[in-house]
Structures are given as structure tokens and as C-alpha cells.
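A.B. asks:
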Amino acid sequence: MKPGTLRHIFNVWPPFLLSGIHVTEMAADWSFARVELRMRPWNRNYVGTHFGGSLFAMTDPFWMILAKERLGGDYYVWDKAAEIEFVKPGKGTLHAEFRLDERVLEEIRADAANGEKHLRWLPADVFNAQNEVVARVRKQIYVRLKPEARRPR
């Protein structure tokens, strides 16, 4: 699937659409994604800020997808764990960016080269319109080289 196609699918996918989550950008080489969480009357919590679950949901699939697509079909890539720290109330339109550079990919490939699982934590901060951090999210991905892709010794 092409990144632009997936971006459009995400933007009409009910869990994102109804939560006010909008994928604004996905790089053609799967190296970058940008996501917004737009404030709507139906996605405010009791005190008028974004639900914490919505902040978490806006960051959920992107590290795994970017890594899976950039590493290619020789690897299993899964989400393993996640954590979120709420820094300040989220109001208005929030955004998060995910940038997976080649240096990180080379480290992952090297660490997974022996066929053992490799666990990697990747950070994504959520910002408000003033570029203040609203939440800090970390996702842990599981990466393993598929047996058929391992080189014989």
C-alpha cells in the first residue's frame, strides 16, 4: 500500500474520524508522519480538554507502521508496549510527528541480525498550537528477522 493511500484510509477510519484524529502527512518513503487531534464538542472530556485516550490513540500505530514499511518484508514488526505522560491539559488542535531516520533503522537491523528479537523504544511528543508539550509518549516495537531471511553462517 502507498503511504498516501493509507493516510486517506486513516482519515475515514471511524476510530480516528470520530475522535478528531487526522493524518496530515505521510512521507512517500515511510520516513515521516504527522498527525493532528482536532478539538470537537464530542471529543472533550469533563473539564473541556482532550481525552487522554485520544492523545494516546493519535500516536498509536505510527512507529510500528513506519518501521515495518522501512525495514521491509524480511522482518516481523509489532507493537510491544507503550507509555504516556500527561504534561499539561490539551486544548485546541494538537499534533505529533514521527521521524524514522536511517541511523535508527541501521541500529535496529544490526541488533536484529542474529534472528533474536529486538525491542526498541521510540518517543513522540504531542504539542499544542503554541508548540508546548502536552504529552510525552513512548512506544516499544518488537523487531525480529524472519527465519527465511537469515543468512547461513
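So the number in my numbering is just where the residue sits in the sequence shown, counting from 1, plus 8. Glycine is no exception: its CB is placed at the ideal position from the N, C-alpha and C atoms. Predicted, not measured: the structure shown is a model, and the values here were computed from it.
For Asp68, count neighbouring Cβ atoms within 10 angstroms of its own Cβ and tell me buried if that reaches 16, exposed if not.
C.D. replies: With at least 16 other beta carbons inside 10 angstroms of its own, Asp68 counts as buried.
A.B. asks: Along the chain, where does the beta strand (DSSP E) containing Pro131 start, and where does it finish?
C.D. replies: 126-135
A.B. asks: What is the residue span of the beta strand (DSSP E) that Ala41 lies within?
C.D. replies: Unbroken beta strand (DSSP E) run through Ala41: 40-45.
A.B. asks: Taking DSSP as the reference, what is the three-state secondary structure of Asp4?
C.D. replies: Because the chain is modelled from 9 through 161, residue 4 falls outside the range shown and cannot be assessed.
A.B. asks: Quick check on the burial criterion: 16 or more other C-beta atoms within 10 angstroms. Buried or exposed for Leu25?
C.D. replies: exposed
A.B. asks: For the region 36-56 against the region 70-81, are there 3 or more C-beta pairs whose distance is under 8 Å?
C.D. replies: The answer is yes - the region 70-81 touches the region 36-56, with three or more Cβ pairs under 8 Å.
A.B. asks: Less than 7 Å between the beta carbons of Ala120 and His126, yes or no?
C.D. replies: yes
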